[in-house]
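Chemist: Numbering (my numbering), first residue to last: -17 to 334.
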């Protein structure tokens, strides 16, 4: 008698909710659509700081993780709790990618001539909408607040009742894209998730800036070892068994021509020496081949907030400097093709 009574008591709130709630009387398929509208279809920026007490041991920690000697769960105590921010950009990443890829679109946005030095908008052959500018509102808000931003990701709807929780608990991970700007944020965030939540992740967004000034604003400590590279974050063998639900990876890359020249020199050396950090990062994307990706997209742009060109004396000098330092739109698209090939398995190490 005790067992049936306990079972009835446990199920009563859900049964009452189902009887009284218009939502729970709807067909299950319709409820899922409503849950997705409430909880999904967003880019969520995630930041996770390494605890200051664990900075010295972080490099060794990631080395062990990549070697499969420890699990993501073993790393959790090394990180502060995640901070979230719903993306504030006016242009969705899919739309930005279409602008980048569609040759018929005019990459040059209208701007008065006096703004040209600050916005990289002088001339069609070079301009691609900058990721840094596109997400400037997100980044400024994200790093201006010292307090945790976890409250920005409101999942209280899941606490309505046990039935809603069971039906919708995986949807925030299955239907949103989670964005990262530092490699340790990926490791830290995954370490905070449960194994089921990791397997529910469907889409990741990564931003890599070639600008030292950008990282100076974001990275407070200095002197990190090589395990702070993107390559180590992506290559960690412990990740792959728990990211089997991942089907989309989007990369936004700010890069200068000098970076590409370093990659080319590395290839001419047949990789006999250590790669530059940027080369490691690009080859690290090859780890995505171990996943069953359906979609890999890359946008390559110049860093629109880097201040390049501000000190030029004339528009002609600015254009000459940009031609020397920056990739053309076509060169940016070629690089994006190569990186997408790394992730999907259609590009070899020599770039073919």
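Just so it is clear, CB atoms sit at the ideal spot from N, CA and C, and this is done for glycine as well.
In this text, all values refer to a predicted model and were calculated from it rather than measured experimentally.
In terms of residues, what are the limits of the beta strand (DSSP E) holding residue 67?
Modeler: 65 to 68 is the extent of the beta strand (DSSP E) around residue 67.
Chemist: Could you tell me the distance, in whole angstroms, from the CA atom of residue 272 to the CA atom of residue 299?
Modeler: If I take the Cα positions, the gap works out to 46 Å.
Chemist: On a CA-only basis, which of 146, 140, 186, 305 is nearest residue 168? Give me that one, please.
Modeler: For the residues 146, 140, 186, 305, the minimum Cα distance to residue 168 belongs to 186.
Chemist: In terms of residues, what are the limits of the alpha helix (DSSP H) holding residue 146?
Modeler: Element bounds for residue 146: 144 to 150.
Chemist: Mapping the DSSP letters down to three states, classify residue 100 as helix, strand or coil.
Modeler: Note on residue 100: pLDDT 43, under 50, position unreliable in the model; the coordinate value appears next. Helix.
Chemist: Are residue 24 and residue 78 touching if we call contact CB-CB under 8 Å?
Modeler: Not closer than 8 Å, so no.
Chemist: If you compare alpha carbons, which of 239, 316, 280 is closest to residue 304?
Modeler: Measuring from the Cα of residue 304, the nearest candidate turns out to be 239.
Chemist: Mind checking whether residue 283 and residue 319 have CB atoms under 8 Å apart?
Modeler: No, the pair does not count as a contact, with Cβ atoms beyond the cut-off.
Chemist: Count the other CB atoms, across all protein chains shown, that sit within 10 Å of the CB of residue 113; report buried if there are 16 or more and exposed otherwise.
Modeler: Label assigned to residue 113: buried.
Chemist: Just curious, the beta strand (DSSP E) that residue 277 is in, first and last residue?
Modeler: 277 to 283 is the extent of the beta strand (DSSP E) around residue 277.
Chemist: My assumption, with CB atoms under 8 Å, is that residue 40 sits in contact with residue 60. Please give the rounded CB distance.
Modeler: Their Cβ separation, rounded to whole angstroms, is 6 Å, which keeps residue 40 and residue 60 in contact under 8 Å.
Chemist: Using C-beta distances below 7 Å, list every residue in its chain close to residue 140, excluding the 5 sequence neighbours before and after it, in chain order.
Modeler: Same-chain partners within the cutoff: 146, 147, 150, 151.
Chemist: With burial defined as no fewer than 16 other Cβ atoms inside 10 Å of the residue's Cβ, what is the status of residue 34: buried or exposed?
Modeler: Exposed, because fewer than 16 other Cβ atoms sit within 10 Å of the Cβ of residue 34.
Chemist: Assuming residue 232 and residue 274 form a contact by the criterion Cβ under 8 Å, report the distance between their Cβ atoms to the nearest whole angstrom.
Modeler: Between residue 274 and residue 232 the Cβ distance is about 16 Å, and since that is not below 8 Å, they are no contact.
Chemist: For the candidate residues 161, 183, 269, 4, whose alpha-carbon lies nearest to that of residue 48?
Modeler: Here the closest residue by C-alpha is 269.
Chemist: Look at the alpha carbon of residue 43 and the alpha carbon of residue 57, and state the distance between them as a whole number of angstroms.
Modeler: One C-alpha to the other measures close to 7 Å.
Chemist: So, is residue 73 buried or exposed, given that buried needs 16 or more other C-beta atoms within 10 angstroms?
Modeler: Residue 73 comes out exposed.
Chemist: Using CA coordinates, which residue listed in 166, 188, 162, 223 is at the minimum distance from residue 179?
Modeler: Residue 223 is the option with its Cα nearest to residue 179.
Chemist: Three-state secondary structure (DSSP) at residue 323?
Modeler: In this structure, residue 323 counts as helix in the three-state DSSP scheme.
Chemist: Taking buried to mean at least 16 other C-beta atoms within 10 Å of its own C-beta, is residue -15 buried or exposed?
Modeler: Residue placement at residue -15 cannot be trusted, given a pLDDT of 35 that sits under 50; the coordinates are not used to answer.
Chemist: Cα-Cα, which of 328, 317, 309, 160 is closest to residue 109?
Modeler: When only C-alpha atoms are compared, the closest one is 309.
Chemist: When you compare only the Cα positions, how much space is there between residue 183 and residue 107?
Modeler: Their Cα atoms are separated by approximately 37 Å.
Chemist: Are there 16 or more other CB atoms within 10 angstroms of the CB of residue 276, so buried, or fewer, so exposed?
Modeler: The residue in question, residue 276, is exposed, as its Cβ has fewer than 16 Cβ neighbours within 10 Å.
Chemist: Using only the alpha-carbon positions, how far apart do residue 324 and residue 142 sit?
Modeler: Taking the straight line joining both Cα atoms gives about 43 Å.
Chemist: With DSSP as the reference, label residue 174 as helix, strand or coil.
Modeler: Residue state, collapsed to three classes: helix.
Chemist: Under 8 Å by Cβ, that's how I've got residue 26 and residue 160 pegged, so tell me the actual separation to the nearest angstrom.
Modeler: Correct: roughly 5 Å between the Cβ atoms.
Chemist: Counting C-beta neighbours from all protein chains within 10 Å, is the total for residue 10 16 or more, i.e. buried, or is it exposed?
Modeler: By the 10 Å Cβ count, residue 10 comes out exposed.
Chemist: Please state whether DSSP places residue 349 in a helix, a strand or coil.
Modeler: A query on residue 349 cannot be resolved here, the shown segment of the chain reaching from -17 to 334 and no further.
Chemist: Need the endpoints of the alpha helix (DSSP H) that residue 79 sits in, please.
Modeler: Unbroken alpha helix (DSSP H) run through residue 79: 75 to 83.
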